[in-house]
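Visitor: All residue numbers for the sequence shown refer to my numbering, where the first residue is 6 and numbers rise by one. Beta carbons: idealized from backbone N, C-alpha and C, even for Gly. Predicted model, so just to flag it, every value in this text is computed and none were measured.
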Amino acid sequence: MDLSFSAEELAFRDEVRAFLNDAWTEELASLMGSTETFKEGQIEWQHRLNKQGWLAPDWPIEHGGTGWTSTQNFIYETERSAVGAPGTLPFGLKMVAPVIYGFGTEEQKQRFLPKILNSEHWWCQGYSEPGAGSDLAALQTKAELDGDDYIVNGAKVWTTLAQYADWIFCLVRTDSSGKRQDGITFLLIDMNTPGISVNPIDSIDNHHTLNEVVFDNVRVPVANRIGEQDKGWTYAKSLLAHERTSIAGVSESKRKLRKLRELLATEVNGGVPLSQDTMIQSRIADVEIELMALEYTELRVLASTAAGEGPGVESSLLKIKGTEIQQALQQLYMDLAGYYSGVIQGDMSAESIGHDFGSEARRAYMYGRAATIYGGSNEVQKNITAKYVLGL
Ligand SMILES: Cc1cc2nc3c(=O)[nH]c(=O)nc-3n(C[C@H](O)[C@H](O)[C@H](O)COP(=O)(O)OP(=O)(O)OC[C@H]3O[C@@H](n4cnc5c(N)ncnc54)[C@H](O)[C@@H]3O)c2cc1C
6 MDLSFSAEEL
16 AFRDEVRAFL
26 NDAWTEELAS
36 LMGSTETFKE
46 GQIEWQHRLN
56 KQGWLAPDWP
66 IEHGGTGWTS
76 TQNFIYETER
86 SAVGAPGTLP
96 FGLKMVAPVI
106 YGFGTEEQKQ
116 RFLPKILNSE
126 HWWCQGYSEP
136 GAGSDLAALQ
146 TKAELDGDDY
156 IVNGAKVWTT
166 LAQYADWIFC
176 LVRTDSSGKR
186 QDGITFLLID
196 MNTPGISVNP
206 IDSIDNHHTL
216 NEVVFDNVRV
226 PVANRIGEQD
236 KGWTYAKSLL
246 AHERTSIAGV
256 SESKRKLRKL
266 RELLATEVNG
276 GVPLSQDTMI
286 QSRIADVEIE
296 LMALEYTELR
306 VLASTAAGEG
316 PGVESSLLKI
326 KGTEIQQALQ
336 QLYMDLAGYY
346 SGVIQGDMSA
356 ESIGHDFGSE
366 ARRAYMYGRA
376 ATIYGGSNEV
386 QKNITAKYVL
396 GL
């Protein structure tokens with residue numbers, strides 16, 4: 006594989022750097038860093054990307070995608086994370102949008118895709134239920150036809166950022182008579198519909214991102230159904246492959262590793278910078294080697310996606326390795342911050358005590374435990390890899 010950039014690619018990299026220099030400002034970073042203004046900041050960031058035409062690189066060009074090559078995608082992601090700019094919200098842009106442009110009607114594409122692009126609709130994902138996580142086909146939330154509407158009853162759980170959401174995409178049961186996967190339907194539900202309540206679930210990092218969403222006789226027009234009734238499992242699976250690919254977080258891990266090296270060069274133990282401690286060097290080298298291997302695997306998956314194949318079961322490998330690396334890095338930051346990382350502070354923007362990265366190290370470590378669970382637990386991804394990649 007030739008890894009040097011062409012003249013056009015270098016020009017593209019300059020263009021990305023110039024854009025980020027203008028668009029990713031300290032003011033925006035501080036908006037996003039506070040719980041109160043996080044939503045406003047995220048939407049403003051997405052507006053800036055959309056104005057540039059770069060909000061949805063993976064979408065088909067006719068719907069607003071960039072048509073970038075996998076190398077351009079790689080350059081953009083590398084530069085973005087190098088300056089610490091955040092990614093986009095995955096639920097609308099990376100999860101439900103591919104389902105809508107892949108399986109939705111023309112009317113649904115016209116209705117929903119532009120509103121995702123201009124961040125008018127904040128989406129959340131209603132898959133998991135109290136009794137259905139890894140075994141998603143066990144889901145019980147029921148939808149019964151009543152004229153031109155479905156009546157939905159049941160509860161979804163662990164619904165990330167549902168407190169901000171305008172819409173939720175849901176898997177619901179429309180038939181219980183046959184194979185479990187055959188009676189599931191994919192619905193798009195307006196969160197303002199009467200009968201929906203959102204109950205917060207506080208997580209171990211002391212923040213509110215998770216929720217329970219309860220449906221009590223909620224009317225959903227049949228026009229909001231994706232594809233055919235009872236065939237939702239097919240659409241749901243394609244979405245999960247996109248979700249797992251984006252969870253790998255390679256460029257973000259690269260940025261964290263770079264930052265960690267800087268910190269290690271300035272932190273001193275017994276008169277010697279920690280960067281010269283052979284134990285730490287060895288741990289960093291382990292993570293770096295894994296990260297390089299993951300990066301090439303991701304490039305291969307991106308190249309096949311760009312060639313129209315869509316992410317396949319390799320997305321499970323990306324998810325497993327990507328989240329293991331994230332957790333190894335979080336552990337290194339915690340070890341570096343030492344006991345200062347134990348100080349509990351409420352707001353994301355609160356100043357750290359001791360090392361200025363201590364509070365964030367703790368928060369990231371705590372929330373990071375979930376990465377090997379969400380998007381399909383790593384144990385289950387290993388089962389998928391064993392069956393479909395290794396043929397066991
Ligand atoms: C932070 C966070 C955010 C989330 N956000 C969302 C969201 O926005 N929307 C949404 O729909 N869901 C969301 N989820 C839910 C997530 O997808 C589920 O938690 C996940 O699929 C696991 O399901 P479960 O929690 O029911 O655990 P279970 O399925 O009960 O699993 C419990 C344990 O058993 C193991 N296990 C289960 N089955 C097998 C098997 N066959 N082989 C080997 N081991 C197995 C699992 O690996 C796990 O360790 C989120 C979860 C978290 C933690």
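Please classify L307: does DSSP put it in a helix, a strand, or coil?
Guide: The sequence position of residue 307 within the sequence shown is 302, counting from 1. Three-state result, L307: helix.
Visitor: Might you give, ordered along the chain, the residues of its own chain that have their beta carbon closer than 7 Å to the beta carbon of G380, omitting 5 neighbours on each side?
Guide: Here residue 380 refers to the residue found at position 375 when the sequence shown is read from its first residue. A distance below 7 Å between beta-carbons, with the five flanking residues on each side excluded, links G380 to the following residues of its chain, in chain order: E248, R249, I252 and K324.
Visitor: Assign N274 to one of two classes, buried (16 or more other C-beta atoms within 10 Å of its C-beta) or exposed (fewer than that).
Guide: Here residue 274 corresponds to residue number 269 of the sequence shown, with the count starting at 1. Its Cβ having fewer than 16 others within 10 Å, N274 is exposed.
Visitor: State the DSSP-derived secondary structure class of P205, mapped to helix, strand or coil.
Guide: The residue given as residue 205 occupies position 200 in the sequence shown. Here P205 sits in strand by DSSP.
Visitor: Quick one: measure Cβ to Cβ for K99 and I105, integer angstroms, because I've assumed they're closer than 8 Å.
Guide: Locating residue 99 in the sequence shown gives position 94, where the first residue counts as 1. Locating residue 105 in the sequence shown gives position 100, where the first residue counts as 1. 12 Å between Cβ atoms; not a contact.
Visitor: Using the Cα positions of L60 and L54, report the straight-line distance between them to the nearest angstrom.
Guide: One-based indexing of the sequence shown puts residue 60 at position 55. One-based indexing of the sequence shown puts residue 54 at position 49. Between the C-alpha atoms of L60 and L54 there is a straight-line separation of about 5 Å.
Visitor: Could you check the C-alpha separation between Q281 and R266 for me, to the nearest Å?
Guide: As a working note, residue 281 is residue 276 in the sequence shown. As a working note, residue 266 is residue 261 in the sequence shown. Q281 and R266: Cα-Cα distance of roughly 11 Å.
Visitor: When you compare only the Cα positions, how much space is there between A143 and S35?
Guide: Here residue 143 corresponds to residue number 138 of the sequence shown, with the count starting at 1. Here residue 35 corresponds to residue number 30 of the sequence shown, with the count starting at 1. Taking the straight line from one Cα to the other gives about 42 Å.
Visitor: Looking at the structure shown, is Y372 part of a helix, part of a strand, or coil, going by DSSP?
Guide: In the sequence shown, counting from the first residue as 1, residue 372 sits at position 367. Three-state result, Y372: helix.
Visitor: Take K261 and list the residues in its own chain whose beta-carbon comes closer than 6 Å to its own, dropping the five residues that flank it on each side.
Guide: Looking up residue 261 in the sequence shown gives position 256. Cβ within range, chain order: L334.
Visitor: If you run the structure through DSSP and keep just helix, strand and coil, what is A253?
Guide: Residue mapping note: residue 253 aligns to position 248 of the sequence shown, counting from 1. A253 falls in the coil class under three-state DSSP.
Visitor: Which residue comes first and which comes last in the beta strand (DSSP E) that contains E176?
Guide: Start at 1 with the first residue of the sequence shown, and residue 176 comes out as number 171. It should be noted that the sequence gives Leu, not Glu, for residue 176. Start and end: W172 to R178.
Visitor: Spatial neighbours of L269 within its chain, please: CB distance less than 6 Å, with the 5 preceding and 5 following residues excluded, ordered by chain position.
Guide: Residue numbering aside, residue 269 sits at position 264 when the sequence shown is read from its first letter. For L269, where only same-chain residues beyond five positions count, the Cβ hits under 6 Å are L279 and S280.
Visitor: By the 10 Å Cβ neighbour count, where 16 or more other Cβ atoms means buried, how is A90 classified, buried or exposed?
Guide: Locating residue 90 in the sequence shown gives position 85, where the first residue counts as 1. Buried, by the Cβ-count rule.
Visitor: If I measure Cβ to Cβ from S208 and keep anything under 7 Å in the same chain, skipping five residues before and after, which residues do I get?
Guide: For the purposes of this step, residue 208 is taken as residue 203 along the sequence shown, with counting starting at 1. Excluding residues within five positions, the ones whose Cβ falls inside 7 Å are T214, L215 and Y372.
Visitor: Provide the residue span of the alpha helix (DSSP H) that contains P135, from first to last.
Guide: On the sequence shown, position 130 is the one that residue 135 refers to. First-last for P135: undefined, no H or E at that position.
Visitor: What does the alpha-carbon distance come out to for the pair E49 and T377?
Guide: Numbered from 1 along the sequence shown, position 44 holds the residue referred to as residue 49. Numbered from 1 along the sequence shown, position 372 holds the residue referred to as residue 377. Linking E49 to T377 through their CA atoms gives a straight-line distance of about 30 Å.
Visitor: Cβ of Q335 versus every heavy atom of ligand 2: is any distance shorter than 8 Å?
Guide: This structure simply doesn't include ligand 2; it includes ligand 1 instead.
Visitor: Between the region 82–89 and the region 137–155, can you find at least three pairs of beta-carbon atoms closer than 8 Å?
Guide: no
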